[in-house]
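Below you'll find the structure, written out as structure tokens, and then a few comments.
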Amino acid sequence: MDPRSEVLMRQADLFGGDLLLAGLPADDLLGQLPAAHGWSWHAGEHAAQEARFPGRSLFGVAPGERPFSSAVLFLPKSRELARYLLDALAARLVGGELFLVGEKRGGIESAAKQLKAYGQPRKLDSARHCQLWQMTVEQAPPAPDLDALAQRYHLELDDGPLEVVSLPGVFSHGRLDRGTALLLQYLGALPQGPLLDFGCGAGVLGAVLKRRYPQSTVTLLDVDAFAVASSRLTLAANGLEAEVVAGDGIQAAPAGLAAILSNPPFHQGVHTDYQASEDLLREAARHLAPGGELRLVANSFLKYQPLIEEYLGPCQTLAEAEGFRIYRAGRRA
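In case it helps, full-length UniProt numbering puts the sequence shown at residues 1 to 333.
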């Protein structure tokens, strides 16, 4: 089991009744707590839970309508997201118990201070490099308005301004990251046909692609429910229509693509994880049409070029700047 789940199970007698596990890992915790149900914003972890425990896990950006008398939040990496999630849970728990669990290196002690807004927190346990905190909600906040928490910013591009809408927890929240800024300069002369923004985040690439290639079908794909919601808001803010898909990795993408564009992720929570990016490189050819191409930006220290050439074909470096490289490769015939 995940170390955080192991810490919970050391106090298993506290977790009966209508318990909500928010951000739970894809382990056996629901099996150990048969009266509990889960809320996940990670499409892969949600799918794993649904496969093992059908009907006991909700995917989305809100805790849903199902009642709960206590809740456990597995601390996310983003402080802004943690604040939203705590408010969303505490708003439903007047007089109920709210628990917070997380890794020490993920900032659990600092995050636990946020609980003071609702009552008096106390540390229950410290083990497996994790901590578990508990509090009774005495001052419940109003239910948070997620859209009101969005950060909006404008990009001045050659074909006009673009409004970007970013929700808490989304990569590069409230600003354009340097890698995507570089890739935006190299979106010209793409093959005709369907386009994919893989790991879409707030939807910057997907929105620009749809505006520059209006006749192409554009799909935006991300594993995170908050990114999917952000991308839909960005598209709507710019009067654009595209398909936005929640899915765990390139396997969720359509086939027959003319091009895959990506600033691929390599972090999961507080851990470094290259799996989604490496799967993209290995499986891209299966999703590209003949003559289709992969174009991505990556940190210069990441050894992606050998993988691209092994699984896709000859790889060209279109640009290198500020610690990033733009790679381009076409699918072998």
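Every residue gets a Cβ at the ideal spot worked out from N, C-alpha and C, and that includes glycine.
Note that this is a predicted model, so its numbers are computed, not measured.
Three-way DSSP call (helix, strand, coil) for residue i in this model
i	result
residue 77	coil
residue 27	coil
residue 143	coil
residue 87	helix
residue 327	strand
residue 1	coil
residue 100	strand
residue 304	coil
residue 197	strand
residue 279	helix
residue 244	strand
residue 226	helix
residue 65	coil
residue 152	strand
residue 253	coil
residue 18	coil
residue 271	Note on residue 271: pLDDT 45, under 50, position unreliable in the model; the coordinate value appears next. Strand, per DSSP.
Exposure label - residue i; buried when at least 16 CB within 10 Å
i	result
residue 299	exposed
residue 400	An answer regarding residue 400 cannot be provided, because it is not within the stretch 1 to 333 covered by the chain.
residue 153	exposed
residue 340	Because the chain in this structure spans residues 1 to 333, residue 340 falls outside the shown range and cannot be described.
residue 129	exposed
residue 392	Residue numbering for the chain in the displayed model covers 1 to 333; residue 392 lies beyond these limits and cannot be assessed.
residue 219	buried
residue 66	exposed
residue 295	buried
residue 134	buried
Beta-carbon spacing of residue i, residue j below 8 Å
i	j	result
residue 74	residue 168	no
residue 118	residue 140	yes
residue 146	residue 61	yes
residue 260	residue 284	yes
residue 11	residue 132	yes
residue 221	residue 253	yes
residue 326	residue 183	yes
residue 324	residue 178	yes
residue 98	residue 71	yes
residue 264	residue 199	yes
residue 157	residue 208	yes
residue 329	residue 308	yes
residue 194	residue 258	yes
Distance, residue j Cα to residue i Cα
i	j	result
residue 271	residue 217	In this predicted model, residue 271 has a pLDDT of only 45, less than 50, meaning its place in the structure is not dependable enough to derive any value.
residue 14	residue 25	19 Å
residue 338	residue 144	Only positions 1 to 333 of the chain appear in this structure, which leaves residue 338 out of reach.
residue 108	residue 173	21 Å
residue 101	residue 20	13 Å
residue 304	residue 124	44 Å
residue 48	residue 319	39 Å
residue 267	residue 231	Confidence in residue 267 is poor, its pLDDT being 48 and thus under 50, which makes the residue's placement unreliable; the coordinate value appears in the next sentence. Taking the straight line from one Cα to the other gives about 19 Å.
residue 201	residue 188	21 Å
residue 138	residue 68	16 Å
residue 87	residue 94	12 Å
residue 331	residue 120	58 Å
residue 39	residue 22	5 Å
residue 79	residue 302	27 Å
residue 1	residue 196	35 Å
residue 122	residue 204	42 Å
residue 112	residue 247	31 Å
residue 50	residue 249	17 Å
residue 269	residue 76	The predicted position of residue 269 is uncertain, since its pLDDT is 46 and thus under 50; no value can be drawn from it.
8 Å Cβ cutoff, residue i in contact with chain D
i	result
residue 60	The chain labelled as chain D is not found in the depicted structure, where only one protein chain is given.
Could you tell me whether the segment 222-239 touches the segment 153-170, where touching means 3 or more Cβ pairs closer than 8 Å? The segment 222-239, when compared against the segment 153-170, does touch it at the 8 Å Cβ threshold.
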